[in-house]
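Colleague:
Residue numbers (my numbering): 21 to 404.
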């Protein structure tokens, strides 16, 4: 009896363990199935959120259609044919430019604005340069090394920004077609007789194109008149540079409170900027005139009788101010013993006068008088 009871208790224990094992397996399979279903639901929710974000991003990039502002009207127009020109929109060729005046004359309204060659400037310059070349000077031009910073781009950020950038360009191409086509019509019909009108039109055009995400990337999808637009821009920018330079040179004022060396360096810097700008325009003038004539853009301002003559006249006035300032400084040192600094200042004054003389084609009466004062000081210093 005792043995049978032990066997029966063992069987009950074994069956109980089997039942517990089956229950645990069922629980594990149920938990694994639930976790799979939860992961699937989570993936579906994430994909829905991502799709919603992408659609929202695309919706944000598609902006409303831009309505351009009206372009500026020409300052001088023919009142009789204004309506016909507005209806037909046929550009009329500009009248031929007036014949250039004599090269040695500038429009100034007085006899002091006449410019003529002064051989004494060249003679004094070469004599001082020969004397300076005999000296063993150890001074040389100081070349400042320009430090170039190497820009490094973040690749991950570039990829992310590029995707949104391309979406924005695509949205502009799709939604701003009518706006771009209206600008194309305005550029094709642009015809002006005054360069100031070209400057105003280019400013208006650039303000309108700023609305696009990327001007070049969007416009390449349309029949954009790139050559004419670039010619209009180049003519407007060259004229603005010359106009600004003319005003800067003509109305330059020498501050007597400023140290002499600083004042002279400031005038030299302005003259170098003036020569660089004018020479760059003269180098590209022939090709620019050819392109401007092709698109009926005024070119008279690029001639020697145009704004370039005013810049040269301003340079002559600048040379007078430079020589007067240098002469005042040399006269203030006349009571002291002669030193190398006085010779150097005299040489710099004659060198500056020579450069402006060659650039402008001569001096006017006022500048010639300032040069004569400087030459007399040179003779006095040479006798000491």
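Glycine included, C-beta positions come from ideal geometry on N, C-alpha and C.
Please report how far the alpha carbon of residue 19 lies from the alpha carbon of residue 258, in whole angstroms.
Modeller: There is no way to answer for residue 19, as the model of the chain reaches only from 21 to 404.
Colleague: Where are the alpha helix (DSSP H) runs, 4 residues long or more, that stay fully inside the region 355-398, in chain order?
Modeller: 360-380
Colleague: Identify, in the order they occur along the chain, each residue of the same chain with its Cβ nearer than 6 Å to the Cβ of residue 319, setting aside the five sequence neighbours on each side.
Modeller: The residue you call residue 319 lines up with position 299 of the chain shown. These residues qualify, in order along the chain: 309 and 312.
Colleague: So the candidates are 401, 315 and 350; which of them puts its Cα closest to the Cα of residue 209?
Modeller: As a first step, residue 209 must be located in the chain shown, where it is residue number 189. Cα-wise, what sits closest to residue 209 is 315.
Colleague: Tell me whether residue 196 sits in a helix, a strand or coil according to DSSP, three-state version.
Modeller: Residue numbering aside, residue 196 sits at position 176 when the chain shown is read from its first letter. It is coil, neither helix nor strand.
Colleague: Within 10 Å of its beta-carbon, does residue 349 have 16 or more other beta-carbons around it, so buried, or fewer, so exposed?
Modeller: In the chain shown, residue 349 corresponds to position 329, counting from 1. By the neighbour-count rule (16 or more Cβ atoms within 10 Å), residue 349 is buried.
Colleague: So which of 329, 381 and 222 has the shortest CA-CA distance to residue 262?
Modeller: Against the chain shown, residue 262 aligns to sequence position 242. Per the Cα distances, 329.
Colleague: Taking only three categories from DSSP, how would you classify residue 351?
Modeller: If you number the chain shown from 1, residue 351 lands on position 331. In this structure, residue 351 counts as helix in the three-state DSSP scheme.
Colleague: Can you find at least 3 beta carbon pairs, one from the region 184-201 and one from the region 235-251, that sit closer than 8 Å?
Modeller: yes
Colleague: For residue 137, which residues in the same chain have their Cβ closer than 7 Å to its Cβ, ignoring the five residues on either side in sequence?
Modeller: Position 117 of the chain shown, counted from the first residue, corresponds to residue 137. These residues qualify, in order along the chain: 382.
Colleague: Mind checking whether residue 376 and residue 325 have CB atoms under 8 Å apart?
Modeller: Translated into positions along the chain shown, residue 376 becomes position 356. Translated into positions along the chain shown, residue 325 becomes position 305. No, these two residues do not count as a Cβ contact at 8 Å.
Colleague: Please say whether residue 379 and residue 288 have beta carbons closer to each other than 8 Å?
Modeller: One-based indexing of the chain shown puts residue 288 at position 268. One-based indexing of the chain shown puts residue 379 at position 359. Result no, Cβ atoms of residue 288 and residue 379 do not sit closer than 8 Å.
Colleague: Rounded to whole angstroms, what is the Cα-Cα separation between residue 323 and residue 95?
Modeller: Residue mapping note: residue 323 aligns to position 303 of the chain shown, counting from 1. Residue mapping note: residue 95 aligns to position 75 of the chain shown, counting from 1. Looking at the two C-alpha atoms, the distance is approximately 22 Å.
Colleague: Do you know offhand how far residue 342's Cα is from residue 86's?
Modeller: Stepping through the chain shown from its first residue, residue 342 is reached at position 322. Stepping through the chain shown from its first residue, residue 86 is reached at position 66. Distance between the alpha carbons of residue 342 and residue 86 is about 53 Å.
Colleague: Return the CA-CA distance between residue 270 and residue 332, expressed in angstroms with no decimal places.
Modeller: For the purposes of this step, residue 270 is taken as residue 250 along the chain shown, with counting starting at 1. For the purposes of this step, residue 332 is taken as residue 312 along the chain shown, with counting starting at 1. Taking the straight line from one Cα to the other gives about 9 Å.
Colleague: Give me whichever residues DSSP pairs with residue 213 in a beta bridge.
Modeller: Here residue 213 refers to the residue found at position 193 when the chain shown is read from its first residue. Bridge partners of residue 213: none, in fact.
Colleague: Report the partner residues of residue 136 according to the DSSP bridge assignment.
Modeller: Indexing the chain shown from 1 puts residue 136 at position 116. Bridge partners of residue 136 according to DSSP: 383.
Colleague: Pick from 364, 317, 321 and 369: whose alpha carbon is nearest that of residue 338?
Modeller: Counted from its first residue, the chain shown places residue 338 at position 318. Answer by Cα proximity: 369.
Colleague: Buried or exposed, going by whether 16 or more other CB atoms sit within 10 Å of the CB of residue 390?
Modeller: Locating residue 390 in the chain shown gives position 370, where the first residue counts as 1. It counts as buried.
Colleague: In angstroms, rounded to a whole number, what distance separates the CA positions of residue 83 and residue 195?
Modeller: Mapped onto the chain shown, residue 83 falls at position 63. Mapped onto the chain shown, residue 195 falls at position 175. Near 7 Å, if we compare the C-alpha coordinates of residue 195 and residue 83.
Colleague: Between which two residues does the alpha helix (DSSP H) holding residue 288 run?
Modeller: For this step, residue 288 is matched to residue 268 along the chain shown. Where residue 288 is concerned, the enclosing alpha helix (DSSP H) stretches over 280-303.
Colleague: Helix, strand or coil for residue 402 per DSSP?
Modeller: Within the chain shown, numbered from 1, the residue matching residue 402 stands at position 382. The answer is helix: DSSP assigns residue 402 an H, G or I state.
Colleague: Just mark residue 213 as buried or exposed, buried being the case when its beta carbon has 16 or more other beta carbons within 10 Å.
Modeller: As a working mapping, residue 213 is identified with position 193 in the chain shown. Burial call: buried.
Colleague: Within the region 233-262, note down every full alpha helix (DSSP H) run reaching 4 residues or more, in order along the chain.
Modeller: List check, alpha helix (DSSP H) in window: 235-239.
Colleague: Please tell me whether residue 255 and residue 215 are closer than 8 Å, where the distance is taken between their beta carbons.
Modeller: For this step, residue 255 is matched to residue 235 along the chain shown. For this step, residue 215 is matched to residue 195 along the chain shown. The answer is yes: Cβ separation under 8 Å.
Colleague: Suppose the cutoff is 7 Å on Cβ atoms and the five residues either side in sequence are ignored; what does the same chain contact list for residue 353 look like?
Modeller: Locating residue 353 in the chain shown gives position 333, counting from the first residue. 362, listed in sequence order.
Colleague: Hey, how far is the Cα of residue 294 from the Cα of residue 360?
Modeller: As a working mapping, residue 294 is identified with position 274 in the chain shown. As a working mapping, residue 360 is identified with position 340 in the chain shown. Looking at the backbone, the Cα of residue 294 and that of residue 360 are separated by about 30 Å.
Colleague: Considering only C-alpha positions, which residue in the set 392, 193 and 395 is nearest to residue 236?
Modeller: For the purposes of this step, residue 236 is identified with residue 216 of the chain shown, where counting begins at 1. Of the listed residues, the one whose Cα sits closest to residue 236 is 193.
Colleague: Can you give me the C-alpha to C-alpha distance between residue 412 and residue 191, rounded to a whole angstrom?
Modeller: Not covered by the structure: residue 412. The range shown for the chain is 21 to 404.
Colleague: Candidates 211, 233 and 141: which alpha carbon is nearest residue 387's?
Modeller: Within the chain shown, the letter at position 367 stands for residue 387. When only C-alpha atoms are compared, the closest one is 141.
Colleague: With a threshold of 6 Å on Cβ separation, who are the neighbours of residue 206 within its own chain once the five nearest residues in sequence on each side are excluded?
Modeller: Here residue 206 refers to the residue found at position 186 of the chain shown. Hits under 6 Å: 91.
Colleague: From 264, 367, 184 and 93, pick the residue whose C-alpha is nearest to that of residue 401; which is it?
Modeller: Position 381 of the chain shown, counted from the start, is the residue given in the question as residue 401. Out of 264, 367, 184 and 93, 367 has the C-alpha closest to the C-alpha of residue 401.
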